[in-house]
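My numbering puts the first residue of the sequence shown at 901, with every later residue one more than the last. The beta-carbon is built from N, C-alpha and C at its ideal position, and this holds for glycine as well. Quick notes on the structure that follows.
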Amino acid sequence: MFYVSTRGGGEPITSTKAVLNGIAPDGGLYMPRGVGAFDWKALLDLSTQEMSEKILSWFLPDFPDMAGIVHRAYHGKFDTEELTPVVPVGDKYVLELFHGPTSAFKDVALSVLPQLITSARGVENVREEIVILTATSGDTGKAALEGFHDVPGTSIIVFYPDGGVSAVQKAQMVTQEGANVRVCAVRGNFDDAQTGVKEIFAAASADPAVTGDGAMLSSANSINIGRLAPQVVYYFKAYAELCKNGVIRVGDLVDYTVPTGNFGDILAGYLAKTMGLPVGTLICASNANRVLTDFLRTGRYDRMRPFYKTESPSMDILVSSNLERLLYLASGEDTALVSDLMAQLREKGSYDIPETLLKTLQKDFWAGCADDAMTDRTIGDVWKTHNYLCDTHTAVAWNVAEQYAKEVGSDRPNVVLSTASAYKFPAAVVRALGETPDENEFAVMEQLRKMTGTEIPKNLADIGSRTVRHRDVEDKTAMLEYVQNAIKERMQKE
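Below, the structure written as structure tokens:
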């Protein structure tokens, strides 16, 4: 199996090189070409780690000892051996993705990626230090920092939007320990940070001297196929759980509702479907930044619209990178079309896909959105009715799942992906439950615990008292210079 760019540039490369590169030289995203058949039914009786090994070996065949990679990634790091348990809540099934070391779904993939990077570095005989560049809307940053801190042969720089993440998310990042980590706020929103990272990759691709000697750039965002592939696993895991519990029989279709901003999490479900998993409808849930909802309903992608800071900040995104991969797959790997659409987005801020492609997408996807008021009502209703505590992102998905049931109707099981612990957004959750949150957001976690009787995740319990280690703030135009200086300082210390 070889990997190629969604935009058609460059030569096919191995999966190890694709993971190391992160993004293709032409700005496209790597996708596998020439994939073989996949025996998905053989996975259903496996443990989560065994399932991960099989799926990752299929996606990334050039990595030796995938069993060891998976074991090192997950063993003892999650609070359950299942990693991502499925919980029945009312007439739905919640796939809990927040049992990892940072209480967010990104842990599932970002526990694996450092192991993949280290292995790929050895396979490809890379001597340079791998510098991980990451833009985060909240959760990716801490999960990446947790995964890469003090990993030999690597360093990591995380950019996040200044004022655009929750207090808990910010505290998780700026208190991160590790000799090889840097964290920097960007004056702007997530799209500014993400665009800045992509521009740094483009500059380094055009001129390797940009990063100097001894350093090679890679990414921990889901633009890296090594970040995306592990997310496919929990769709299979959820399906297997429904089979084991007698909810469905092997072969029955299951719907999945996914809160998404950068489109990676829901794309993982689409990849699972292309591998044979009986996925019914993939329901795309947006917040007030409803660019994906509008696209899947009309075929027009338009980022030239107001940007809203919401209670679900990890979805406050107007440029969804992984949508490019969906266009590539759904168009029959039409790289010329994808390249043209991405050029239009870059130059004009919008594009329209052909009507035939829109109809193809609408066979697999449905989309809806929920603003903050709807999100708050949903958190309160789900707690009151089912005694289940949702974070603000899960509540968006739950609300949109309800919309789908009313507007379309389906007798298939609906799995709602729960992407974070409610304790990562405690002030918003406390307000939704009808109380005024304490002014100190870290004290609000205790307030939420007393209100609900639920437990604060251990990794968050002392977050407010940890030492702040990273205070950098830069304009979006200064990101390249910041990276260059960070690399120079790192090289001088070694």
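- Boundaries around TRP1266 are those of the beta strand (DSSP E), 1265-1269, since no alpha helix (DSSP H) includes it.
- In the three-state scheme derived from DSSP, where H, G and I count as helix and E and B as strand, PRO1337 is classed as coil.
- Residue environment: GLY1000 is assigned as buried (16 or more neighbouring CB atoms within 10 Å of its CB, all protein chains considered).
- The beta carbons of TYR930 and ILE1125 sit about 5 Å from each other, so the pair counts as a contact at 8 Å.
- For PHE1195, the enclosing alpha helix (DSSP H) has its first and last residue at 1191-1198.
- In the same chain as THR1278, and ignoring 5 residues on each side of it, the C-beta atoms closer than 6 Å to its own belong to ALA1295, TRP1298 and ASN1299, in chain order.
- Excluding the 5 residues flanking it on each side, SER1239 has same chain C-beta neighbours closer than 7 Å at ARG907 and GLY908, in chain order.
- Runs of alpha helix (DSSP H) with 4 or more residues, each lying fully within the segment 1029-1098, are found at 1039-1048 and 1067-1074, listed in chain order.
- Secondary structure of ALA1004 (DSSP, three-state): strand.
- Within the DSSP secondary-structure output, CYS1184 pairs in a beta bridge with VAL1158 and ALA1267.
- Residue range 948-959 is occupied by the alpha helix (DSSP H) that includes PHE959, with no beta strand (DSSP E) assigned at that position.
- Annotation for CYS1269: ALA1185, SER1186, ASN1187, ALA1188, ARG1190, THR1193, VAL1296 and VAL1300 place their beta carbon closer than 8 Å to its own, counting only its chain and skipping 5 residues before and after.
- Counting C-beta pairs closer than 8 Å gives fewer than three between the segment 1106-1122 and the segment 976-992, which falls short of the contact rule.
- By the neighbour-count criterion, in which 16 or more other beta carbons inside 10 Å mark a residue as buried, ARG1027 falls on the exposed side.
- Closest by C-alpha distance to GLY1053, out of GLY1022, LYS977, ARG1149 and ARG1312, is GLY1022.
- The C-beta distance from GLY1161 to ILE1217 rounds to 4 Å, short enough to fall under 8 Å.
- With a beta-carbon spacing of about 18 Å, PRO1130 and VAL1315 fall beyond the 8 Å limit used to define contacts.
- Distances from the CA of GLU1339 to each of GLY1364, GLU1355 and ALA1322 were compared; the closest alpha carbon is that of GLY1364.
- Nearest neighbour of GLN1392 by Cα position, chosen from GLY1112, GLN949 and GLY1078, turns out to be GLY1112.
- With a minimum length of 4 residues, the unbroken runs of alpha helix (DSSP H) contained wholly in the segment 1288-1371 fall at 1292-1307, 1326-1332 and 1341-1352.
- Between the alpha carbons of ASP1152 and PRO1178 lies a gap of roughly 6 Å.
- Its Cα nearest to that of ASN1121, the residue ILE1057 stands out among ILE1057, CYS1084 and HIS1049.
- For a cut-off of 8 Å, the C-beta gap from VAL1132 to LEU1196 is around 20 Å, too long to register as a contact.
- Ranked by Cα distance from GLY1096, the options ASP1276, GLY922 and MET1379 are led by MET1379.
- DSSP places TYR1135 within a helical segment (H, G or I) once states are collapsed to three.
- The three-state secondary structure of ASP1240, taken from DSSP, is helix.
- Check the Cα spacing between MET966 and each of PHE1207, GLY1249, SER1019 and ALA1386: the tightest is with SER1019.
- In this model, LYS1137 and ASN1145 are separated by some 12 Å (Cα to Cα).
- In terms of Cβ geometry, ASP1375 and ARG1200 do not form a close pair [threshold 8 Å].
- Around LYS954, the same chain offers ALA942, LEU943 and LEU946 as residues with beta carbons nearer than 8 Å, after the five sequence neighbours per side are excluded.
- Residue nearest to VAL1330 within the set PHE1090, PRO1206, THR1352 and GLN1072 is THR1352 (criterion: CA-CA distance).
- Going by beta carbons, GLU1211 and PHE1325 fall inside the 8 Å limit.
- Excluding its 5 nearest sequence neighbours in each direction, ALA1079 has C-beta neighbours in its own chain below 7 Å: ASP1050, listed in chain order.
- Secondary structure at LYS1209: coil, using DSSP grouped into helix, strand and coil.
- When GLU1341, ALA1140, ALA1035 and THR1354 are compared, the shortest CA-CA separation from SER1066 is found for GLU1341.
- Counting along the chain, LYS992 sits inside the beta strand (DSSP E) bounded by residues 992-996.
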